[in-house]
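S.K.:
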Amino acid sequence: MDLSEASLRELRDALRSRRVSAQELARFYLDRVAAHNPALNAFITITEAEALAAATAADGRLAAGEEGALLGIPMAHKDIFCTEGVRTTCASRMLEQFTAPYNATVVERLQTAGMVMLGKLNMDEFAMGSSNETSHFGAVRNPWDLQRVPGGSSGGSAAAVAAGLVPAATGTDTGGSIRQPAALCGVTGIKPTYGRVSRYGMIAFASSLDQGGPLAKTAEDCALLLEAMAGHDPRDATSHPEAAGVFASTLDAPLQGLRVGVPEEFFGAGLDPEVAAAVEAGIRVLAAQGAVIKPIHLPNNAHAVSTYYVLAPAEASSNLARFDGVRYTYRAAGVEDLTDLYQRSRYEGFGAEVRRRILIGTYVLSAGYYDAYYLKAQQVRSLIREDFRRAFAQVDVIVGPTTPTAAFALGDKAQDPVAMYLADIYTIAVNLAGIPAMSIPCGLTAGGLPIGMQLMGNYFTDGLLLNVAHRFQQETDWHRQRPALASAKE
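Following this note's numbering, the numbering of the sequence shown begins with 854 at its first residue and continues without gaps.
(1) So, using beta-carbon positions, are Pro-996 and Pro-1303 closer together than 7 Å?
(2) For Met-981 and Ile-1031, what's the separation of their Cα atoms in angstroms?
(3) Can you give me the Cβ contacts of Ser-1170 inside the same chain, cut-off strictly under 7 Å, excluding the 5 residues immediately before and after it?
(4) How many Å lie between Asp-1224 and Gln-950 at the Cα?
(5) Alpha carbon to alpha carbon, how far is His-1323 from Glu-1073? Give it in angstroms, no decimals.
(6) May I ask you to report which of helix, strand or coil DSSP gives Thr-1255?
(7) For Gln-1307, list the residues DSSP reports as bridge partners.
(8) Flag this pair as yes or no: are the beta carbons of Leu-868 and Gly-921 separated by less than 7 Å?
(9) Going by DSSP, what residue range makes up the alpha helix (DSSP H) through Leu-1212?
(10) May I ask you to check if the CB of Leu-1108 is nearer than 6 Å to at least one heavy atom of the ligand COA?
(11) Do you know offhand how far Gly-938's Cα is from Glu-903's?
(12) With a threshold of 7 Å on Cβ separation, who are the neighbours of Val-1283 within its own chain once the five nearest residues in sequence on each side are excluded?
(13) Decide if Arg-1001 is buried, meaning its Cβ has at least 16 other Cβ atoms within 10 Å, or exposed.
(14) What first and last residue would you give for the beta strand (DSSP E) that runs through His-1150?
(15) Can the beta-carbon of Leu-1068 be found less than 7 Å from the beta-carbon of Val-1019?
(16) Taking DSSP's pairing of strands, which residues face Leu-1297 in a bridge?
(17) Can you find at least 3 beta carbon pairs, one from the stretch 1192-1212 and one from the stretch 1173-1180, that sit closer than 8 Å?
(18) How many whole angstroms separate the CB atoms of Ile-1251 and Ala-1157, which I take to be in contact at a CB cut-off of 8 Å?
(19) Rounded to a whole number of angstroms, what is the C-alpha to C-alpha distance between Thr-952 and Val-969?
(20) Quick check for students: name the residue ranges of the alpha helix (DSSP H) that lie wholly in the stretch 1014-1046, counting only runs of 4 or more.
(21) Helix or strand or just coil, what does DSSP make of Ile-899?
(22) Sort Leu-1164, Leu-915, Ala-1059 by Cα distance to Gln-876 and report the nearest one.
(23) Compare the beta carbon distance of Thr-1103 and Asn-1320 with 7 Å and say whether it is the shorter of the two.
(24) By the DSSP assignment, the beta strand (DSSP E) with His-930 in it spans what residues?
(25) Roughly how many angstroms lie between the CA atoms of Glu-1118 and Leu-1151, to the nearest whole one?
(26) Does the distance from the C-beta atom of Val-1040 to that of Ala-1011 stay below 7 Å?
(27) Run the CB neighbour count on Asp-1190, radius 10 Å, all protein chains shown included, and call it buried at 16 or more, exposed below.
(28) Measure from the alpha carbon of Ala-966 to the alpha carbon of each residue in Pro-1094, Val-1113, Met-1082, Lys-1147, then state which is nearest.
(29) My understanding is that Thr-1025 touches Asp-1063, with C-beta atoms under 8 Å, so please give their C-beta distance in whole angstroms.
(30) By how many angstroms is the C-alpha of Cys-935 removed from the C-alpha of Gly-1204?
(31) State yes or no: is the C-beta of Arg-1112 within less than 7 Å of the C-beta of Val-1248?
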């Protein structure tokens, strides 16, 4: 068995049968990180000593007869989750030297499950970006083509999984930041229902939109991870009381009679023909399994991007006010007074995209503009939610493209923020509504780049989405396709 290609279930079986130890598994993946991360720049911090110690502990638990589904399996966290004793940077100069004094709930739960953390993964600064080019630590590169972006903001997570540096990773999704990089890197990723996964210890960008979730090779892998991550957390006021769920045991349910909605608005101008053809072929796979395909309308999706880029910056403006140069953040040198300290520390500590969004957010919340922009955006958000409510009265699942194109070249949209924002045109409405959605591989372009298909569901139907994705992956092999880098030897 090629360990870099193995699913979580295959790794679990290998550990239980003693064909490999957790120590050997951790060492194998750490060697891959050392060999390939210089080309990808997927990791910000590598925690080798901590990983080997955790693997030793996992081997002890396995020897004692414990059989956890994730026990002893390596993974890595997006560097937005606080990790006790390990620096948590949010890919920003502002937090470059910050060491978290506690674990995020997601980190705590996966640690309890026995997973072995190999390190912290690169991302767009404070999760603001669609290409992973805004990181203070440099751009992440797509393992399918090192001159292309992996998507953002969880680009380090998607690239690391696609290249076989880790079998699984965590990400966060504020406007598509799990699904978009999953699509561009050819892996599987799910954004759970808002409130399903605790946000405690996940450094906030836009609190009403942010949601943590897993990225892995398969829907089954994501189901195993989400079972461990999900659940009510009293430390998070937005955590749902019934957030826990069992997902892996329902993956094989038949799709006969499943009502699949296809929004006509997702197949218009701006969608690359190769992406459209691959997604349409994916829909036919579902139909062949007995799903009933129905055209639907999401008329207010056209306003999702503009709505998001009022609301998300407004929340970011408030959330990032705490980073002021006074306490645990970057502090400018040689300042004249307190005002100069604030201004210079924030200007030097934040990158251009973060500063842009803070300025936009402050503007839309200011006196005289609040009603015209922020309040209006909240009203449109309600219309978007209502679109989904009407759609799910007719269908069980909505299917469409995850992104309008395959991975674009590094620097291609860096100087055009609006073009960059439009890369999330099919994903943002989901966050505004708070519903679950996921991306699964459904094809390759003629140039050999992955294409993602997006599945969207009603509130707390995360298990149904994983079921549909799993049945699709049983009939196709797109999720088994790997970039050449993934099969490269150390």
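C-beta: ideal position from N, C-alpha, C; glycine also.
M.R.: Let's see:
(1) The answer is no: Cβ separation not under 7 Å.
(2) Using only the alpha carbons, I get a separation of about 13 Å.
(3) Scanning its chain for C-beta atoms nearer than 7 Å, with the 5 sequence neighbours on each side dropped, one finds around Ser-1170 the residues Ile-1211, Gly-1214, Thr-1215, Leu-1218, in chain order.
(4) Between the C-alpha atoms of Asp-1224 and Gln-950 there is a straight-line separation of about 39 Å.
(5) Taking the straight line from one Cα to the other gives about 6 Å.
(6) Annotated three-state conformation of Thr-1255 is coil, per DSSP.
(7) Answer by DSSP bridge pairing, in chain order: Gly-1253, Ser-1292.
(8) Not in contact: Leu-868 and Gly-921 (Cβ atoms no closer than 7 Å).
(9) From DSSP, the alpha helix (DSSP H) with Leu-1212 extends over 1205-1218.
(10) The ligand COA is not part of the structure shown, which contains no ligands of any sort.
(11) Gly-938 and Glu-903: Cα-Cα distance of roughly 10 Å.
(12) Around Val-1283, the same chain offers Lys-1044, Ala-1290, Met-1309 as residues with beta carbons nearer than 7 Å, after the five sequence neighbours per side are excluded.
(13) Arg-1001 should be labelled buried.
(14) For His-1150, there is no enclosing beta strand (DSSP E), as DSSP marks it with neither H nor E.
(15) Their beta carbons are not under 7 Å apart, which means Leu-1068 does not touch Val-1019 by this criterion.
(16) Answer is Pro-1303.
(17) Contact between the stretch 1192-1212 and the stretch 1173-1180 is present, with at least three C-beta pairs closer than 8 Å.
(18) About 14 Å separates the two Cβ atoms, so there is no contact after all.
(19) Rounded to whole angstroms, the gap between the alpha carbons of Thr-952 and Val-969 is 19 Å.
(20) Runs of the alpha helix (DSSP H) inside the stretch 1014-1046: 1032-1038.
(21) DSSP, read as helix, strand or coil, puts Ile-899 in strand.
(22) Closest option to Gln-876, judged by alpha-carbon separation, among Leu-1164, Leu-915, Ala-1059: Leu-915.
(23) Yes, the Cβ-Cβ distance between Thr-1103 and Asn-1320 is below 7 Å.
(24) Unbroken beta strand (DSSP E) run through His-930: 927-931.
(25) About 7 Å.
(26) Yes. Within cutoff.
(27) So Asp-1190 ends up on the exposed side.
(28) Selected option, being the one with the closest Cα: Met-1082.
(29) So it is a contact: roughly 6 Å between Cβ atoms.
(30) Roughly 21 Å between the two C-alpha positions.
(31) Cβ atoms of Arg-1112 and Val-1248: closer than 7 Å.
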